[in-house]
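Chemist: Below is a structure I'd like to ask you about.
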């Protein structure tokens, strides 16, 4: 009887610890009330979850969480660089009023200045892109901080995974953010973290919002999923089409390859700038992340004039060598119809005028 009671007490304590852990602020808050009522009206939401337009399992055939963890534990690839990743520091506080430029911060975080507006995408300036610190940022890649950011007119969040929606970064940036655009339900996390509801715009696939001053944003389909704990697909993942004054921009967020890229290209293209995920791919989850050859195909489908590949260079979330995404995309990108942008972290990238004349060092080749 004493042993049974001890076991029950231990189990209850573990349940309590798990409950308290999952209710920490960084985990955010799932949609409820009127926000959930709106979500339930979405044609992409049923049985308590969002669903991809195409059948999109998280794991590929014969793969599961066990096989993924096993592969990660026994991989012999160079998951992280042994040396510091080279970076450049661009002072974003002293930009010219009419300057048109972009800076990539590593992974899928980047800043765009166009049409006299500052836009920030999926910022993460933390040491880890997960709820536990197994995968820390590569050496030197966390050089930028929230203090380095100017006031942000538009913050775009593609989905609520930890490597795209970072609690520490966003709470530090909160006083600088004028407006947020995200997928359905993601605003629940942001409000839980102190963002005012009136500055948050949530989009479904197919929704459009006019932001003013010549900026219009369309939420479009992505092949992925969402979730900050075991409760998955309760908020929407999406890509963005941004119509800025005189320019068109596409950002994929996280997405596997599919016919949706050609559909977006046909409806909204051509695009002056396309930002596509290119990293953390794996055959075990091939439906939710693109391989480099698929990235190039998607850029062509979108009718891109310039391509910035992202989702690499800062965290090792898959089992490929840290520099493989850069090597593979650069090897196959030279003969395409678009200009390939491969800047260092923090390097100033010119936009629009003479953009195709800017050349970049093959910086990933200089480090082990």
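In UniProt numbering, the protein residues as written are 1 to 368. C-beta: ideal position from N, C-alpha, C; glycine also. These numbers were taken from a predicted model, which means no experiment stands behind them.
#1: With C-beta atoms as the reference, is residue 192 less than 7 Å away from residue 28?
#2: Nearest by alpha-carbon distance to residue 174: which of 223, 120, 226, 222 is it?
#3: Provide the residue span of the alpha helix (DSSP H) that contains residue 262, from first to last.
#4: Identify, in the order they occur along the chain, each residue of the same chain with its Cβ nearer than 7 Å to the Cβ of residue 126, setting aside the five sequence neighbours on each side.
#5: Need the endpoints of the beta strand (DSSP E) that residue 183 sits in, please.
#6: Measuring CB to CB, does residue 160 end up less than 7 Å from residue 184?
#7: If you draw a straight line from the C-alpha of residue 25 to the C-alpha of residue 359, how long is it?
#8: Ends of the alpha helix (DSSP H) at residue 306?
#9: Roughly how many angstroms lie between the CA atoms of residue 115 and residue 260, to the nearest whole one?
#10: On a Cα-Cα basis, can you pick out the residue from 276, 111, 232 that is closest to residue 251?
#11: Work out the CA separation of residue 300 and residue 290 for me, nearest whole Å.
#12: Closer than 8 Å is the cut-off here; do at least three beta carbon pairs connect the region 195-213 with the region 95-107?
#13: Give me the Cα-Cα distance between residue 306 and residue 297, rounded to the nearest whole angstrom.
#14: Going by the DSSP bridge assignment, what does residue 220 pair with across the sheet?
#15: By the 10 Å Cβ neighbour count, where 16 or more other Cβ atoms means buried, how is residue 371 classified, buried or exposed?
#16: Residue 308 and residue 135: beta carbons closer than 7 Å?
#17: Whose C-beta lies closer than 7 Å to the C-beta of residue 350 among residues of the same chain, with five residues either side of it excluded?
#18: Report whether the distance from the Cβ of residue 257 to the nearest heavy atom of the ligand MG is below 6 Å.
#19: Buried or exposed: which applies to residue 271, given that a residue is buried once 16 or more other Cβ atoms fall within 10 Å of its Cβ?
#20: State the Cα-Cα distance for the pair residue 152 and residue 181, rounded to the nearest angstrom.
#21: Determine the extent of the beta strand (DSSP E) in which residue 208 is found, giving its start and end residues.
#22: DSSP puts residue 104 in a beta bridge; with which residues?
#23: In the structure shown, what three-state DSSP assignment does residue 40 receive?
#24: Please look up how many angstroms separate the CB atoms of residue 338 and residue 312, rounded, as I've assumed it's under 8 Å.
#25: Are the CB atoms of residue 58 and residue 225 within a distance shorter than 7 Å?
#26: Looking at residue 188: is its Cβ nearer than 7 Å to the Cβ of residue 35?
#27: So what's residue 71 in DSSP terms, helix, strand or just coil?
#28: At which residues does the beta strand (DSSP E) containing residue 118 begin and terminate?
#29: Beta strand (DSSP E) containing residue 203: first to last residue?
#30: Assuming the contact rule is C-beta atoms closer than 8 Å, residue 310 and residue 278 should be a hit. Round their C-beta distance to whole Å, please.
#31: Would you mind sorting residue 230 into buried or exposed? The rule is 16 or more other CB atoms within 10 Å of its CB.
#32: Distance, Cα to Cα, residue 324 vs residue 274?
#33: I'd like to check one pair, residue 111 with residue 314: are the Cβ atoms closer than 7 Å?
#34: What is the residue span of the beta strand (DSSP E) that residue 155 lies within?
#35: Using the Cβ count rule (16 or more neighbours within 10 Å means buried), how would you classify residue 362?
#36: Assuming residue 368 and residue 82 make a contact with CB atoms under 8 Å, what is their CB distance in whole Å?
Modeler: To lay it out plainly:
#1: When the beta-carbon positions are compared, residue 192 and residue 28 come within less than 7 Å of each other.
#2: Nearest C-alpha to residue 174 among 223, 120, 226, 222: 120.
#3: Where residue 262 is concerned, the enclosing alpha helix (DSSP H) stretches over 260-268.
#4: Closer than 7 Å at the Cβ level, and outside the excluded window around residue 126, lie 166, 168, 169.
#5: Element bounds for residue 183: 180-183.
#6: With contacts defined as CB atoms closer than 7 Å, residue 160 and residue 184 fail to qualify as a contacting pair.
#7: In a straight line, the C-alpha of residue 25 is about 43 Å away from that of residue 359.
#8: Residue 306 -> not in any alpha helix (DSSP H); beta strand (DSSP E) instead, spanning 306-310.
#9: The alpha-carbon atoms of residue 115 and residue 260 are separated by roughly 28 Å.
#10: Measuring from the Cα of residue 251, the nearest candidate turns out to be 276.
#11: Roughly 14 Å between the two C-alpha positions.
#12: With the cut-off at 8 Å, the region 195-213 and the region 95-107 do not touch.
#13: About 13 Å.
#14: 239.
#15: Since the displayed the chain opens at 1 and closes at 368, residue 371 lies outside it and no answer follows.
#16: The answer is no: Cβ separation not under 7 Å.
#17: 101, 358, listed in sequence order.
#18: Among the components of this structure there are no ligands whatsoever, and the ligand MG is therefore not found.
#19: Residue 271 sits buried, since 16 or more C-beta atoms from the chains shown fall within 10 Å of its C-beta.
#20: A direct Cα-Cα distance of roughly 12 Å separates residue 152 from residue 181.
#21: First-last of the beta strand (DSSP E) with residue 208: 208-212.
#22: DSSP links residue 104 through a beta bridge to 110.
#23: Residue state, collapsed to three classes: coil.
#24: 18 Å between Cβ atoms; not a contact.
#25: Yes.
#26: Yes, the Cβ-Cβ distance between residue 188 and residue 35 is below 7 Å.
#27: Residue 71 carries a helical assignment under DSSP once its states are collapsed to helix, strand and coil.
#28: Boundaries of the beta strand (DSSP E) harbouring residue 118: 117-121, taken from the DSSP string.
#29: 200-203 is the extent of the beta strand (DSSP E) around residue 203.
#30: With a Cβ gap of about 7 Å, residue 310 and residue 278 count as contacting.
#31: Exposed is the call here.
#32: Going by the C-alpha atoms only, they are around 20 Å apart.
#33: Contact annotation: residue 314 and residue 111 have beta-carbon atoms that are not nearer than 7 Å.
#34: Residue 155: member of the beta strand (DSSP E) spanning 154-157, first to last residue.
#35: Residue 362 should be labelled exposed.
#36: A Cβ-Cβ separation of about 5 Å places residue 368 in contact with residue 82 under the 8 Å criterion.
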